[in-house]
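Novice: Residue numbers (this note's numbering): 103 to 351.
Just so you know, even glycine gets a beta-carbon here, dropped at the ideal spot from N, CA and C.
Got a structure for you, questions after.
Spelled out as structure tokens, the structure:
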């Protein structure tokens, strides 16, 4: 039976995939040349659903419904760890304030204290011989062994709070045994006694500022320059001709 003959016999009958499979067999119904329209529509719908799922998983949305992406940094110390936005301090101060965290060591006649303060002046880590659990295990609270134990305790506490870099500057003599032991113990325990240098963006800025206007120095103006534009100037030649014409008549 020819397909043309069947269409001529039943012109008003709607053909679907089931009719084609009954008349021509399952293999013929899925041929690429005579695939029914309904199968194409269903296949397109499935493809659209798959594409929508993949776009949603990739974060691709409809541009009309797209919203602004706001990134919130959950680590407040990211700029500090990367070296950006480092405080500059003031040039008129005796003690420089160009640091994130500064290490201090105070050795008095009775106790040894070491602490780390931030740029706001808050003490974030502290170790001293005034603590009972440290002092009772020391023979003296001001000798070299006291400084060594304070350095070990401070380094351990700094690691526990997540600080590995501190700014270290002192006016004391750094060649003494106490200072050399203090710095050496901190370095051996993984504390770096210097912060990252301030990072500056290199190259021209993306938006250049407007050019500066040229400065005009004050100059003494002459009388003619001052009166320029204030007095109505007369054309001498036209005035002379007008005078002659009026005299003749």
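1) Do you know whose CA, among 143, 312, 249, 320, lies nearest residue 287's CA?
2) Taking residue 198 as part of the alpha helix (DSSP H), name the residues at either end of that continuous run.
3) Taking the beta strand (DSSP E) that residue 219 belongs to, which residues open and close that run?
4) If you run the structure through DSSP and keep just helix, strand and coil, what is residue 235?
5) Could you please give the first and the last residue of the uninterrupted beta strand (DSSP E) stretch that includes residue 208?
6) With DSSP run on the structure shown, which of helix, strand or coil describes residue 329?
7) Rounded to the nearest angstrom, what separates residue 253 and residue 181 at their Cα positions?
8) Tell me the rounded alpha-carbon separation between residue 237 and residue 225.
9) Can you give me the C-alpha to C-alpha distance between residue 216 and residue 185, rounded to a whole angstrom?
10) From residue 244 to residue 218, what distance separates their C-alpha atoms?
11) Report yes if the C-beta distance between residue 211 and residue 230 is below 8 Å; otherwise report no.
Specialist: Here's the rundown:
1) Residue 287 sits at position 185 when you count from the first residue of the chain shown. Closest by C-alpha distance to residue 287, out of 143, 312, 249, 320, is 249.
2) In the chain shown, the residue the question calls residue 198 occupies position 96. Run containing residue 198: none; DSSP gives neither H nor E here.
3) Start at 1 with the first residue of the chain shown, and residue 219 comes out as number 117. Per DSSP, the continuous beta strand (DSSP E) segment holding residue 219 begins and ends at 214-220.
4) In the chain shown, the residue the question calls residue 235 occupies position 133. Three-state DSSP puts residue 235 in a helix.
5) In the chain shown, the residue the question calls residue 208 occupies position 106. Segment 203-209, the beta strand (DSSP E) holding residue 208.
6) On the chain shown, position 227 is the one that residue 329 refers to. Of the three classes helix, strand and coil, the one that applies to residue 329 here is coil, per DSSP.
7) By 1-based counting over the chain shown, the position of residue 253 is 151. By 1-based counting over the chain shown, the position of residue 181 is 79. Looking at the two C-alpha atoms, the distance is approximately 27 Å.
8) Position 135 of the chain shown, counted from the first residue, corresponds to residue 237. Position 123 of the chain shown, counted from the first residue, corresponds to residue 225. Residue 237 and residue 225 have their C-alpha atoms roughly 21 Å apart.
9) As a working mapping, residue 216 is identified with position 114 in the chain shown. As a working mapping, residue 185 is identified with position 83 in the chain shown. Straight-line measurement puts the Cα of residue 185 at about 25 Å from the Cα of residue 216.
10) Here residue 244 refers to the residue found at position 142 of the chain shown. Here residue 218 refers to the residue found at position 116 of the chain shown. Linking residue 244 to residue 218 through their CA atoms gives a straight-line distance of about 19 Å.
11) Taking the chain shown and counting its residues from 1, the one referred to as residue 211 is at position 109. Taking the chain shown and counting its residues from 1, the one referred to as residue 230 is at position 128. No, these two residues do not count as a Cβ contact at 8 Å.
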